[in-house]
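Protein chains in written order, with our numbering: chain A, 35 to 433; chain B, 35 to 433. The C-beta atom is built at its ideal place from N, Cα and C for all residues, glycine as well. Bear in mind the structure is a predicted one, so any value in this text is a computation, not a measurement.
Number of protein chains: 2
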Amino acid sequence: MARFAEKMVQLGTERSEIREAFAFAQARAAEVGPDKVDDFSIGNPSVPAPKQVGDLVKELVDAADPVQLHGYTPAQGDGQVRKALADDLNRRYGTDYDGDCFYLTAGAAAGLRIVLSALGCPGDAFVTMAPYFPEYKVFVESAGCTLVPVPADLEDFQIDFAAFQAALTPQTKAVIINSPNNPTGVVYSQATIEKLAQTLEEKSQEYGHTIYLISDEPYREIVYGEEPLPWVPSYYANTLVCYSYSKSLSLPGQRIGYVLVPKCAEGFGELYAAVCGAGRALGYVCAPSLFQFVVARCTGQTADIGIYRENRDILLNALREMGYTCAQPDGAFYLFPRTLEPDAHAFCQRARKYDLVLVPGDSFGCPGHVRISYCVPTEQIRRSLVKFQKLAEEYGLGK
Amino acid sequence: MARFAEKMVQLGTERSEIREAFAFAQARAAEVGPDKVDDFSIGNPSVPAPKQVGDLVKELVDAADPVQLHGYTPAQGDGQVRKALADDLNRRYGTDYDGDCFYLTAGAAAGLRIVLSALGCPGDAFVTMAPYFPEYKVFVESAGCTLVPVPADLEDFQIDFAAFQAALTPQTKAVIINSPNNPTGVVYSQATIEKLAQTLEEKSQEYGHTIYLISDEPYREIVYGEEPLPWVPSYYANTLVCYSYSKSLSLPGQRIGYVLVPKCAEGFGELYAAVCGAGRALGYVCAPSLFQFVVARCTGQTADIGIYRENRDILLNALREMGYTCAQPDGAFYLFPRTLEPDAHAFCQRARKYDLVLVPGDSFGCPGHVRISYCVPTEQIRRSLVKFQKLAEEYGLGK
Numbered sequence: 035m036a037r038f039a040e041k042m043v044q045l046g047t048e049r050s051e052i053r054e055a056f057a058f059a060q061a062r063a064a065e066v067g068p069d070k071v072d073d074f075s076i077g078n079p080s081v082p083a084p085k086q087v088g089d090l091v092k093e094l095v096d097a098a099d100p101v102q103l104h105g106y107t108p109a110q111g112d113g114q115v116r117k118a119l120a121d122d123l124n125r126r127y128g129t130d131y132d133g134d135c136f137y138l139t140a141g142a143a144a145g146l147r148i149v150l151s152a153l154g155c156p157g158d159a160f161v162t163m164a165p166y167f168p169e170y171k172v173f174v175e176s177a178g179c180t181l182v183p184v185p186a187d188l189e190d191f192q193i194d195f196a197a198f199q200a201a202l203t204p205q206t207k208a209v210i211i212n213s214p215n216n217p218t219g220v221v222y223s224q225a226t227i228e229k230l231a232q233t234l235e236e237k238s239q240e241y242g243h244t245i246y247l248i249s250d251e252p253y254r255e256i257v258y259g260e261e262p263l264p265w266v267p268s269y270y271a272n273t274l275v276c277y278s279y280s281k282s283l284s285l286p287g288q289r290i291g292y293v294l295v296p297k298c299a300e301g302f303g304e305l306y307a308a309v310c311g312a313g314r315a316l317g318y319v320c321a322p323s324l325f326q327f328v329v330a331r332c333t334g335q336t337a338d339i340g341i342y343r344e345n346r347d348i349l350l351n352a353l354r355e356m357g358y359t360c361a362q363p364d365g366a367f368y369l370f371p372r373t374l375e376p377d378a379h380a381f382c383q384r385a386r387k388y389d390l391v392l393v394p395g396d397s398f399g400c401p402g403h404v405r406i407s408y409c410v411p412t413e414q415i416r417r418s419l420v421k422f423q424k425l426a427e428e429y430g431l432g433k
Numbered sequence: 035m036a037r038f039a040e041k042m043v044q045l046g047t048e049r050s051e052i053r054e055a056f057a058f059a060q061a062r063a064a065e066v067g068p069d070k071v072d073d074f075s076i077g078n079p080s081v082p083a084p085k086q087v088g089d090l091v092k093e094l095v096d097a098a099d100p101v102q103l104h105g106y107t108p109a110q111g112d113g114q115v116r117k118a119l120a121d122d123l124n125r126r127y128g129t130d131y132d133g134d135c136f137y138l139t140a141g142a143a144a145g146l147r148i149v150l151s152a153l154g155c156p157g158d159a160f161v162t163m164a165p166y167f168p169e170y171k172v173f174v175e176s177a178g179c180t181l182v183p184v185p186a187d188l189e190d191f192q193i194d195f196a197a198f199q200a201a202l203t204p205q206t207k208a209v210i211i212n213s214p215n216n217p218t219g220v221v222y223s224q225a226t227i228e229k230l231a232q233t234l235e236e237k238s239q240e241y242g243h244t245i246y247l248i249s250d251e252p253y254r255e256i257v258y259g260e261e262p263l264p265w266v267p268s269y270y271a272n273t274l275v276c277y278s279y280s281k282s283l284s285l286p287g288q289r290i291g292y293v294l295v296p297k298c299a300e301g302f303g304e305l306y307a308a309v310c311g312a313g314r315a316l317g318y319v320c321a322p323s324l325f326q327f328v329v330a331r332c333t334g335q336t337a338d339i340g341i342y343r344e345n346r347d348i349l350l351n352a353l354r355e356m357g358y359t360c361a362q363p364d365g366a367f368y369l370f371p372r373t374l375e376p377d378a379h380a381f382c383q384r385a386r387k388y389d390l391v392l393v394p395g396d397s398f399g400c401p402g403h404v405r406i407s408y409c410v411p412t413e414q415i416r417r418s419l420v421k422f423q424k425l426a427e428e429y430g431l432g433k
């Protein structure tokens with residue numbers, strides 16, 4: 035008999051490259067001073083939550099019955115909170131959701147993990163586009179299923195439909211998309227979403243069972259383009275949305291988000307029940323109650339994303355001028371340029387000579403690139419430019 | 035290919051008897067008025083959180099950096115928070131924990147679920163004493179293992195060691211105890227803990243592997259006896275503690291608690307890593323940050339448990355006088371008297387004639403009893419006595 039669950043020991047022991055890079059930056063900052071180190075490793079929002087969040091917290095503490103404010107809500111979330119979230123989406127997207135479509139969760143990670151356990155049967159495959167958030171693999175495998183990554187079109191990081199179609203099989207239970215994307219910052223165009231919907235319709239038909247679409251949308255409100263973000267469930271009925279307020283309201287520590295299961299999704303009744311059952315089986319009792327009440331009253335608000343836009347503009351323009359190649363990042367707070375040598379690890383090591391800390395794309399299933407998290411003070415962006423310039427010069431670019 | 039995970043659909047569809055009883059009470063209250071219905075079905079703390087909790091929340095919102103206050107903490111919890119929790123236990127129990135023994139969780143349910151995935155290997159059995167909290171079975175099975183319930187001594191609900199020893203096998207990975215107990219309110223005596231420790235030592239020796247002890251302690255601070263509660267890890271080194279602030283600080287909705295893995299536990303390094311890995315695999319990113327900071331500054335505080343004690347005294351004394359048989363409940367906020375007929379469901383149905391809402395012990399793996407959750411206004415306790423009296427008279431008791 036094994037002492038402990040081997041896989042869990044491994045997951046708890048292995049260090050992600052993101053964490054390793056972050057730890058390096060922290061150690062260097064302690065050594066040479068934080069103003070000498072330009073750490074672009076982690077995706078922790080650098081913009082504070084809107085003032086209204088704090089005001090609401092205080093108001094609720096003063097005015098609400100503490101037994102209710104701090105009490106259990108139903109497992110799927112407070113009824114009035116769910117209704118407020120439905121009303122907000124209906125206003126914005128012309129939909130007709132009601133509160134019973136929502137299951138509140140401890141953030142998008144919990145939501146995604148719950149959805150995977152709700153859908154996943156032994157032998158099922160979940161397809162996603164690489165580069166992808168590394169925890170997808172952990173969550174899918176922990177639900178007893180297989181993750182099938184499909185390389186995106188490396189020019190623009192839209193879906194490479196030839197590769198995507200080739201990856202779909204009768205074992206495909208669902209497809210996971212993440213737009214705006216971590217790590218590329220790329221937003222799927224309406225044309226991409228339309229073609230994705232059409233492909234999934236056809237393949238569902240062909241296989242005789244529904245392929246679900248899981249739209250992981252923690253960056254939904256962090257967008258910079260002219261075009262409004264397509265609302266995915268309006269293009270494909272069998273979409274489950276995993277949302278989080280971590281980035282939009284800069285509340286990542288509070289663990290608050292939701293799963294949305296539209297009633298028109300195939301098998302809604304059983305599917306929603308499976309989501310509730312999976313939440314229960316995974317030990318989620320209810321989403322944190324105080325922040326349920328807070329987010330219900332912050333609909334339509336975001337942290338000041340103008341700061342992220344400014345960071346993106348400065349860094350993207352400068353990098354392109356220096357000769358770096360980078361797909362257009364119209365959302366989230368990441369750039370994903372090509373590395374100036376094929377080995378992204380070697381490139382990142384070279385960057386560290388300048389105390390410039392980046393994460394190799396290999397971590398996201400996409401070698402030959404680096405992720406730059408630009409959710410940092412704008413001052414850091416500006417002072418880092420000379421480092422990126424020197425790095426480019428090492429490879430004969432610039433000048 | 036099955037559409038959804040069958041077990042999850044079932045878990046999300048089945049209605050617990052506790053929830054069914056609660057729903058009945060709600061429906062009756064709407065019909066005949068809430069003051070006519072005496073609902074003793076659910077274990078939702080009725081005493082508000084200490085005022086200091088609200089004060090601390092407001093102080094943190096005003097004074098702390100919002101990016102830090104609402105930001106991710108490390109997966110195992112903020113370092114200073116963990117140190118504060120260790121210091122508190124060390125002061126109270128003469129232990130020598132440090133912050134690295136703690137893994138903060140979204141309540142005791144999450145903690146227990148995480149520990150089960152950390153320990154559980156295929157084929158493993160987890161033993162617990164019946165009556166037991168029904169989610170134990172859900173959590174153990176969801177971790178891919180088997181729950182083995184062992185009937186407690188029905189006189190006093192201490193451990194029946196003959197039955198317990200007979201239930202241990204080489205497949206036993208761990209034993210789960212819950213003292214003060216839900217649903218009986220019984221507190222394990224020091225003699226029980228000592229004998230339990232001795233039994234586990236001997237059996238670990240016999241089987242050639244450690245049997246771990248999981249001490250699920252959400253009611254640790256809710257005790258009424260003269261004797262201090264034995265600190266379980268001081269009796270048995272291989273104990274993991276799952277704690278929650280849901281009951282002690284009346285914060286069940288905020289989902290905050292911890293797993294404690296003492297460094298002297300066999301295989302500490304791998305075990306703690308497995309706990310971290312399981313938290314990751316189950317989608318827990320970090321425990322809610324605001325309430326991490328709150329509980330660190332509320333060590334030693336509890337909600338006003340004097341109210342629960344008064345409720346217990348009134349109800350226990352009255353029931354015993356009426357002729358009900360009830361083991362001595364020195365903690366939590368439950369009584370678990372014998373029903374006055376063998377079929378607890380029939381007994382509960384009879385009680386409903388008086389709009390007296392109780393939960394059959396069958397739900398907890400212990401027929402012939404009912405759970406009475408006395409975390410209700412004292413006024414409800416008083417007015418319900420005449421109903422318990424009439425119910426007793428139906429069975430020829432009282433007079």
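In chain order, Gly311 make up the part of chain B whose C-beta sits under 8 Å from the C-beta of A:Gln44. From the listed residues B:Arg343, B:His379, B:Leu374, the smallest Cα separation to B:Glu260 is found for B:Arg343. In the structure shown, the three-state DSSP call for A:Lys387 is coil. What B:Cys320 touches in chain A, judged by beta-carbon distance under 8 Å, is Gly287, Arg289, going in chain order. Per the C-alpha coordinates, the member of A:Ala337, A:Leu369, A:Gln423, A:Arg384 positioned closest to A:Ile76 is A:Leu369.
The three-state reading of DSSP puts A:Leu305 in helix, counting H, G and I together.
The beta-bridge partner set that DSSP reports for B:Met163 consists of B:Val184. Residues are counted here when their Cβ sits less than 8 Å from a Cβ of chain A; for the segment 184-213 of chain B these are Pro204, Gln205, Lys207, given in chain order.
Between the alpha carbons of B:Lys117 and A:Gly399 lies a distance of about 37 Å. For A:Tyr277, the enclosing beta strand (DSSP E) begins and ends at 273-278. By the C-beta density criterion, B:Asp89 is exposed, having fewer than 16 other C-beta atoms within 10 angstroms.
In the three-state scheme derived from DSSP, where H, G and I count as helix and E and B as strand, B:Ser397 is classed as helix. Cβ neighbours of B:Ala55 within its own chain (closer than 6 Å, five residues either side excluded): Ser75, Val391, Val393.
In the displayed model, A:Thr244 falls within coil according to three-state DSSP, outside both helix and strand. For the beta strand (DSSP E) assignment, the uninterrupted runs of no fewer than 3 residues enclosed by the segment 277-348 of chain A are, from N- to C-terminal side, 291-294.
Between the alpha carbons of A:Phe325 and B:Ala321 lies a distance of about 13 Å.
One finds Arg37, Phe38 in chain B with Cβ atoms closer than 8 Å to the Cβ of A:Gly301, taken in chain order.
For the set B:Thr139, B:Ser268, B:Lys171, B:Gly145, the Cα lying nearest the Cα of B:Ser50 is the one of B:Lys171. For a cut-off of 8 Å, the C-beta gap from B:Pro79 to B:Cys409 is around 6 Å, short enough to register as a contact.
A straight-line Cα-Cα distance of about 14 Å links B:Pro100 and A:Ser282. Judged by beta-carbon spacing, B:Tyr318 lies beyond the 9 Å limit of B:Thr107, meaning their Cβ atoms are not closer than that value. Using beta-carbon distances, A:Lys281 does not count as an interface residue toward chain B, since no partner is under 9 Å. Take the alpha-carbon of A:Ala315 and the one of B:Ala315: they are about 13 Å apart. By a beta-carbon distance limit of 8 Å, A:Arg417 does not contact A:Asp73. Their separation comes to about 12 Å. Close to chain A, meaning a Cβ-Cβ distance shorter than 7 Å, are the following residues of the segment 93-127 of chain B: Val95, Pro100, Val101, His104, Gly105, Tyr106, Thr107. Boundaries for A:Arg37: no beta strand (DSSP E) harbours it, and the DSSP string shows neither H nor E there.
Using beta-carbon distances, A:Val172 counts as an interface residue toward chain B, with a partner under 9 Å. In the DSSP assignment, A:Phe422 falls within the unbroken alpha helix (DSSP H) covering 412-428.
By the Cβ criterion, the segment 237-250 of chain A is in contact with the segment 269-287 of chain A, since at least three pairs of Cβ atoms, one from each stretch, lie closer than 8 Å. For B:Tyr358, no alpha helix (DSSP H) run applies, since DSSP gives it neither H nor E. Burial is judged here by how many other beta carbons sit within 10 angstroms of a residue's own beta carbon; B:Gln383 has fewer than 16 and is exposed.
Here A:His403 is bridged, per DSSP, to A:Arg372. Nothing from the segment 349-363 of chain A brings a Cβ to less than 8 Å from some Cβ of chain B. Counting the other Cβ atoms within 10 Å of the Cβ of B:Pro156 gives fewer than 16, which makes it exposed.
In this structure, A:Ala330 and A:Leu119 form a Cβ contact; the two beta carbons are roughly 7 Å apart against a cut-off of 8 Å. Annotation: Cβ neighbours of B:Asn78 in chain A (cutoff 9 Å, chain order): Val101, Gly105, Tyr106.
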